[in-house]
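Worksheet: the structure to be examined is printed underneath.
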Amino acid sequence: EPEVTQTPSHQVTQMGQEVILRCVPISNHLYFYWYRQILGQKVEFLVSFYNNEISEKSEIFDDQFSVERPDGSNFTLKIRSTKLEDSAMYFCASSGGALWGYTFGSGTRLTVV
Amino acid sequence: KQEVTQIPAALSVPEGENLVLNCSFTDSAIYNLQWFRQDPGKGLTSLLLIQSSQREQTSGRLNASLDKSSGRSTLYIAASQPGDSATYLCAVGGMYNFNKFYFGSGTKLNVKP
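Quick note, the sequences are listed as chains A and B, same order. Position in the first sequence counted from 1, then plus 196, gives you our numbering. Position in the second sequence counted from 1, then plus 1156, gives you our numbering.
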């Protein structure tokens, strides 16, 4: 069964450093997403991406965040200057459309120290 | 804004019991609803997807129902097994905005041998 692949599985970074979280969505999917889950809290929406542009972003997704699909297969989330409160599990998801729902990756646990 | 609530927050049952997990949502204008399973520290595994025009979906021992007008969905697990122990998440996709899902807080299920 097709999978969404995320790397790394765990990343530890110092406050103020830039991090890039990587995702390889399912190859024929058109819609891409990033969600995050702070420990003990709900999974929350960050950003959606379609047709090479952001289609929607949440209040959390401020200027410190950016997304990119650099080569037609990868989908990345960049945090420019990490804060302690960015520590969370970050999930990438992709979809072929509303009729098929979402497929999530296994997540990247980001720890900011 | 869509609010998704899951009851109970935690449930502990002996092996072999049939059980029901509940999900409610405040805005009935939904496109679809998806149930996920999350093991500790892991990603989200899709269990069942119900479109707004459907009443239920079944996969093996799992059955999900949807009553859009009352803003409710249930996940029925038959003959529970210790391997079913996990957190079960309900996520709702908006009718006019497929760009994001709203998640509930989940029900943490423990099936005792």
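Yeah, the Cβ is synthetic: ideal placement off N, Cα and C, and Gly gets one too.
- Non-local beta-carbon contacts of Glu-252 (chain A) in its own chain, meaning distances under 6 Å to residues more than five positions away in sequence, involve Ser-244 in chain order.
- In this structure, A:Trp-230 is the residue among A:Met-285, A:His-206 and A:Trp-230 with its C-alpha nearest to the C-alpha of Leu-273 (chain A).
- The three-state secondary structure of Glu-199 (chain A), taken from DSSP, is coil.
- The DSSP-derived three-state label of Leu-1200 (chain B) is strand.
- Take the alpha-carbon of Asp-1195 (chain B) and the one of Arg-232 (chain A): they are about 16 Å apart.
- Pairing Asp-258 (chain A) with Ile-275 (chain A), the inter-Cα distance amounts to about 10 Å.
- In chain B, no part has a C-beta under 8 Å from the C-beta of Gly-292 (chain A); the shortest such distance is about 11 Å.
- Closest in alpha carbon position to Gln-1162 (chain B), among B:Pro-1269, B:Gly-1262 and B:Ile-1233, is B:Gly-1262.
- The C-beta of Tyr-1244 (chain B) comes no closer than 8 Å to any C-beta of chain A.
- Under a criterion of Cβ atoms nearer than 7 Å, the residues of chain A adjacent to Asn-1255 (chain B) are, in order, Ser-244, Ser-251 and Glu-252.
- Between Ser-262 (chain A) and chain B, the shortest Cβ-Cβ separation is not below 8 Å.
- A distance below 8 Å separates the beta carbons of Pro-221 (chain A) and Ser-290 (chain A).
- In the three-state scheme derived from DSSP, where H, G and I count as helix and E and B as strand, Ala-294 (chain A) is classed as helix.
- According to the DSSP assignment, Lys-1264 (chain B) belongs to the beta strand (DSSP E) that extends over 1263-1268.
- With a cut-off of 8 Å on Cβ pairs, the segment 1163-1172 of chain B is not in contact with the segment 262-269 of chain A, counting fewer than three such pairs.
- Within chain A, the C-beta atoms nearer than 7 Å to that of Asn-1188 (chain B) come from Ala-294 and Gly-297, in chain order.
- Asn-1174 (chain B) sits away from Gly-297 (chain A), with the two beta carbons spaced by 8 Å or more.
- DSSP, read as helix, strand or coil, puts Leu-235 (chain A) in coil.
- By the CB criterion at 8 Å, Thr-209 (chain A) and Val-200 (chain A) fall outside the cutoff.
- Chain-ordered, the chain B residues with CB closer than 7 Å to the CB of Phe-300 (chain A) read Gly-1199 and Leu-1200.
- Just so you know, the alpha carbons of Gln-237 (chain A) and Phe-287 (chain A) end up roughly 14 Å apart.
- Between Gln-207 (chain A) and Leu-1222 (chain B), the alpha-carbon positions lie close to 39 Å from each other.
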